[in-house]
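Visitor:
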Amino acid sequence: MRCFSLRGEVSFEGVGLHSGRTCGVTVRPFHLPGIWFSSGGGPVPAHRWRPCGGDRRTHVEVGGRSVETLEHLLGALAGLDIWQVLIEVEGPEVPILDGSAMPFVRALVDARVEAGDVEPVGVTSPLAFEDPAGGRILCAYPFDGLKVSCLLDYPGTPLGTVYGEFPVDAGTFVGRIAPCRTFGFREEVEALLSRGLIRGGGLDNALVIDREGPMNRSHLPFREECLGHKVLDLLGDLALVGRPVRGAFVSIRTGHGIHHRAVVVLRALGGLVSDNEG
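The end of the sequence shown is residue 283 by this note's numbering, with every number in the run present.
1) In whole angstroms, what is the alpha-carbon distance linking P125 and H52?
2) Are there 16 or more other CB atoms within 10 angstroms of the CB of V268, so buried, or fewer, so exposed?
3) Does the region 29 to 38 come close enough to the region 83 to 95 to have 3 or more Cβ pairs within less than 8 Å?
4) Helix, strand or coil for H36? Go by DSSP, reduced to three states.
5) Does DSSP classify T4 as helix, strand or coil?
6) Quick one: what's got a C-beta closer than 6 Å to M107's C-beta in the same chain, skipping five residues either side?
7) Would you be able to state if there are at least three C-beta pairs under 8 Å between the region 234 to 247 and the region 72 to 81?
8) Compare the C-alpha of A133 against each of L274, L277, I263 and name the closest.
9) Leaving out the 5 sequence neighbours to the left and right, which residues in its chain are closer than 7 Å to P38 when beta-carbon positions are compared?
10) Any idea which residues DSSP pairs F227 with across the strands?
11) Going by DSSP, what residue range makes up the beta strand (DSSP E) through Y199?
12) Looking at C155 and E3, is the spacing between their C-beta atoms short of 9 Å?
13) Do you know how far the Cα of V30 is from the Cα of E95?
14) Can you name the residues that DSSP bridges to I257?
15) Determine the extent of the beta strand (DSSP E) in which R70 is found, giving its start and end residues.
16) Out of curiosity, what's the CA-to-CA distance linking G260 and G241?
17) Using 10 angstroms around the beta-carbon of D238, count the other beta-carbons present and answer buried if the total reaches 16, otherwise exposed.
18) Using a Cβ-Cβ cutoff of less than 8 Å, which residues in the same chain neighbour G218 once the five nearest sequence positions on both sides are dropped?
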């Protein structure tokens, strides 16, 4: 499939959601297909980034470094079919900006230029990943394209149970997925802070829900925004495969940890096994 690169570098700066520190990231055009990371030892392709945690964020070890909160940027690149770039991160994580992928999308789409071809990784037979303790299930089956069916289930909250289907193309991504911010519940805040998370979080970069509903204005109907953000997280994690993915995915109460298990299998299907997985 045809993919895109950039006509020049695009940079972002802001606070890290979990560290609370000022961070920066620069995305540059690159001469090889794929998403690459700039490290002291040279560029590292995405399929060699090792996912090593799923606690409310995508956390990878790459080029001798630990980097967090890559999922929204990676989701933006994948949603816009930008598959020929080099990423350079300054600080412990990618800045959260407004909590969605939209600030990345606005800058990247203006710099996007057509590049060469990249071979997608296709789901060739049904796959299933399960976390029985959390009631999480991620399934995938062959499909000529990419689509996600997503179920959220938060009983006893205003969010409740919500389901949606997303055929993933650039138009759907920009309209229904990219604007959707990370979300959480007010009652979780103290517990998350005690675990060293969301130190940079606030009402300006997250949709926060209390017992009455959203505490801040939702960009979309708030249940749709939560659903779209869960799809964004999945797309960002799937970008760790290192190439576009083709298949139909069914996500039931999933999170980063179970997404990363799928990434390892999809890498193998595409012949992209990293040193840590082979």
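Beta carbons: idealized from backbone N, C-alpha and C, even for Gly.
Guide: Concretely, from the data shown:
1) On the sequence shown, position 120 is the one that residue 125 refers to. On the sequence shown, position 47 is the one that residue 52 refers to. Between P125 and H52, the C-alpha separation is close to 13 Å.
2) As a position in the sequence shown, residue 268 is number 263, starting the count at 1. The residue in question, V268, is buried, as its Cβ has 16 or more Cβ neighbours within 10 Å.
3) Yes, the region 29 to 38 is in contact with the region 83 to 95.
4) By 1-based counting over the sequence shown, the position of residue 36 is 31. In the structure shown, H36 sits in coil (DSSP, three-state: anything other than H, G, I, E or B).
5) In the structure as shown, the chain starts at 6 and stops at 283, and residue 4 therefore has no counterpart that could be examined.
6) The residue labelled residue 107 in the question sits at position 102 within the sequence shown. Result list for M107: A183, P184, in chain order.
7) A contact between stretches requires three or more CB pairs, one per stretch, nearer than 8 Å, and the region 72 to 81 meets this requirement with the region 234 to 247.
8) Within the sequence shown, the letter at position 128 stands for residue 133. Residue I263 is the option with its Cα nearest to A133.
9) In the sequence shown, residue 38 corresponds to position 33, counting from 1. Excluding positions up to five away in sequence, the list reads C8, W88, Q89, G121, V123.
10) On the sequence shown, residue 227 is found 222 positions in, with the first residue counted as 1. Its beta-bridge partners do not exist; DSSP assigns none.
11) Numbered from 1 along the sequence shown, position 194 holds the residue referred to as residue 199. Looking at the sequence shown, residue 199 is not Tyr but Ser. Where S199 is concerned, there is no enclosing beta strand (DSSP E), although the alpha helix (DSSP H) it sits in stretches over 194 to 199.
12) No information on residue 3 is available, as it lies outside the stretch 6 to 283 that the chain covers here.
13) Within the sequence shown, numbered from 1, the residue matching residue 95 stands at position 90. Within the sequence shown, numbered from 1, the residue matching residue 30 stands at position 25. Approximately 6 Å, taken between the alpha carbons.
14) Position 252 of the sequence shown, counted from the start, is the residue given in the question as residue 257. DSSP, once it has assigned bridges, lists I142, L156 as partnering I257.
15) The residue labelled residue 70 in the question sits at position 65 within the sequence shown. R70 -> beta strand (DSSP E) spans 70 to 73.
16) Walking along the sequence shown from the start, residue 260 turns up at place 255. Walking along the sequence shown from the start, residue 241 turns up at place 236. In a straight line, the C-alpha of G260 is about 12 Å away from that of G241.
17) Stepping through the sequence shown from its first residue, residue 238 is reached at position 233. When all chains shown are included, D238 counts as buried.
18) Within the sequence shown, numbered from 1, the residue matching residue 218 stands at position 213. Correct list, in chain order: P163, F227.
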